[in-house]
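Enquirer: In our numbering, the protein residues as written are 9 to 143.
Written out as structure tokens, the structure reads:
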């Protein structure tokens with residue numbers, strides 16, 4: 009970009025609608041402060057993979073994982089979500105067969121993992137819908 013003002017904060021934004029269907033960004037704007045004549049890197053954390061609405065239940069009793077639990081796809085630091093009502097969580101950048109780790113506290117009894125199997129067909133708006141049992 010050739011229009012940045014040196015020694016001042018410049019905001020750089022991207023339009024997420026121009027990204028491929030399997031890509032998502034966690035933020036659409038970053039700020040940089042370039043020096044005169046400098047080349048500045050503006051990093052946008054991107055996750056590539058399927059968009060998934062996942063319903064998570066606990067292994068023992070089949071109840072939903074607690075509201076507010078943090079679910080992270082293993083091997084992808086950019087794919088994290090917080091569970092809502094009924095153990096539902098929205099995740100991006102999910103590969104065909106992945107594993108998710110869920111935490112809702114500090115203790116061993118307040119965490120579990122679940123294997124995710126993404127269905128072949130996407131639902132509305134290209135979002136896949138699946139269920140998984142957390143153990």
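Note that beta-carbon positions come from the ideal geometry of N, C-alpha and C, so glycine has one too.
Computed from a prediction, not measured in an experiment: that's the story for all the values here.
When you compare only the Cα positions, how much space is there between residue 73 and residue 64?
Expert: A straight line joining the alpha-carbon of residue 73 with that of residue 64 spans about 6 Å.
Enquirer: Can you give me the start and stop residues for the beta strand (DSSP E) that residue 80 sits inside?
Expert: 78 to 81
Enquirer: Compare the beta carbon distance of residue 128 and residue 108 with 8 Å and say whether it is the shorter of the two.
Expert: Taking a C-beta distance under 8 Å as the contact criterion, residue 128 and residue 108 do not qualify as a contact pair.
Enquirer: Residue range of the beta strand (DSSP E) that residue 58 falls in?
Expert: Taken as a continuous stretch (DSSP letters only), the beta strand (DSSP E) holding residue 58 covers 58 to 66.
Enquirer: Compute the Euclidean distance between the alpha carbons of residue 119 and residue 111, then round it to the nearest angstrom.
Expert: Taking the straight line from one Cα to the other gives about 4 Å.
Enquirer: Note down the Cα distance separating residue 66 from residue 92, rounded to an integer number of angstroms.
Expert: C-alpha separation (whole angstroms): 14 Å.
Enquirer: Tell me the DSSP secondary structure of residue 50 in three-state form.
Expert: coil
Enquirer: Report buried or exposed for residue 44, applying the criterion of at least 16 other Cβ atoms within 10 angstroms of its Cβ.
Expert: exposed
Enquirer: Run through the DSSP bridge pairs and tell me what residue 90 is partnered with.
Expert: For residue 90, which the question treats as bridged, DSSP gives the partners 78.
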